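*Asks:* Take a look at this one; I'll ask things after.
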Amino acid sequence: MDHYIDIRLRPDPDFAPAMLMGALYNKLHRALFDLQAADVGVSFPGHKHGVRARTLGDHLRLHGTQARLQQLRSAEWLTGMRDHTQVSEVLAVPAGAQHINVARKQFNTGSPSRAKRYAKRHDISEEEAQQIYAKLAERRIELPFVQINSRSTQQRFSLFIEHGKPAASTTEGTFSHYGLSPNATVPWF
2 MDHYIDIRLR PDPDFAPAML MGALYNKLHR ALFDLQAADV GVSFPGHKHG VRARTLGDHL
62 RLHGTQARLQ QLRSAEWLTG MRDHTQVSEV LAVPAGAQHI NVARKQFNTG SPSRAKRYAK
122 RHDISEEEAQ QIYAKLAERR IELPFVQINS RSTQQRFSLF IEHGKPAAST TEGTFSHYGL
182 SPNATVPWF
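If you want this note's numbering, it's the 1-based position in the sequence shown plus 1.
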């Protein structure tokens with residue numbers, strides 16, 4: 002993770018930034034899936050969390066090796082987004098950068114099928130399970146998210162993204178086709 006590419010959304014009065022970020026991130030997911038890339042991480046330097054202000058912002062940063070990022074930069078995955086984005090060259094990570102984990106966070110939102118499975122696993126009635134899940138669903142989720150279309154399952158869902166606390170050292174690991182990892186870190190600057 003010694004190099005990065007910055008992709009910034011250009012202001013557009015016809016499209017909300019969240020909508021453009023969703024389209025951009027979906028295209029990135031398809032590109033990472035098609036390349037079977039497990040060596041590209043993402044971060045969102047302008048992200049905000051909180052019930053009223055949760056957004057990924059207008060800045061997507063890709064992290065990886067110079068060769069992999071060059072491959073991504075020259076691929077056609079940004080077709081249709083070029084008018085809406087400003088893409089940097091492949092750049093070296095600044096010396097002394099901290100490191101951060103950017104991970105997917107999943108929430109139990111109380112879907113009927115989850116409640117039914119929970120009832121079966123814990124030998125309780127479906128009504129009891131639905132009450133338990135209703136309490137979980139009442140929690141206010143403060144993390145930013147993007148609406149994504151899964152390349153493997155073809156389902157649309159909300160992908161909640163959590164930025165961990167910056168640290169001085171790096172943690173190696175692999176990344177999903179969303180550029181996220183449960184434990185690996187990316188440079189943070």
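Ideal placement from N, C-alpha and C gives every residue a C-beta, glycine not left out. Bear in mind the structure is a predicted one, so any value in this text is a computation, not a measurement.
With 16 as the cutoff for other CB atoms within 10 Å, does S44 come out buried or exposed?
*Replies:* buried
*Asks:* Go through the stretch 106-189 residue by residue and report every complete run of the alpha helix (DSSP H) that reaches 4 residues or more, in order.
*Replies:* 113-123, 127-139
*Asks:* Rounded to a whole number of angstroms, what is the C-alpha to C-alpha distance between G174 and P183?
*Replies:* 9 Å
*Asks:* What are the boundary residues of the alpha helix (DSSP H) that includes Q71?
*Replies:* 67-75
*Asks:* Apart from the five residues just before and just after G180, which ones in its own chain have a Cβ nearer than 6 Å to its Cβ?
*Replies:* V41, G42, V43
*Asks:* First and last residue of the alpha helix (DSSP H) that includes L33?
*Replies:* For L33, the enclosing alpha helix (DSSP H) starts and ends at 18-36.
*Asks:* Is it the case that the Cβ atoms of A168 and Q99 are separated by a distance below 8 Å?
*Replies:* yes
*Asks:* For a quick check, are the C-beta atoms of I6 and V91 less than 8 Å apart?
*Replies:* yes
*Asks:* So, helix, strand or coil for R83, using DSSP?
*Replies:* In this structure, R83 counts as helix in the three-state DSSP scheme.
*Asks:* Let me confirm a value: V52 is counted as buried when at least 16 other C-beta atoms fall within 10 Å, else exposed. Which label applies?
*Replies:* exposed
*Asks:* Assuming S44 is part of the beta strand (DSSP E), what are its boundary residues?
*Replies:* First-last of the beta strand (DSSP E) with S44: 42-44.
*Asks:* Closer than 8 Å is the cut-off here; do at least three beta carbon pairs connect the stretch 27-40 with the stretch 78-89?
*Replies:* yes
*Asks:* Over what stretch of residues does the beta strand (DSSP E) that includes L57 continue unbroken?
*Replies:* Taken as a continuous stretch (DSSP letters only), L57 belongs to no beta strand (DSSP E), as it is neither H nor E.
*Asks:* Taking H4 as the reference, which of D13, S89, Y134, N27 has the closest Cα?
*Replies:* Of the listed residues, the one whose Cα sits closest to H4 is S89.
*Asks:* Identify the continuous beta strand (DSSP E) that holds H4 and give its terminal residues.
*Replies:* 4-10
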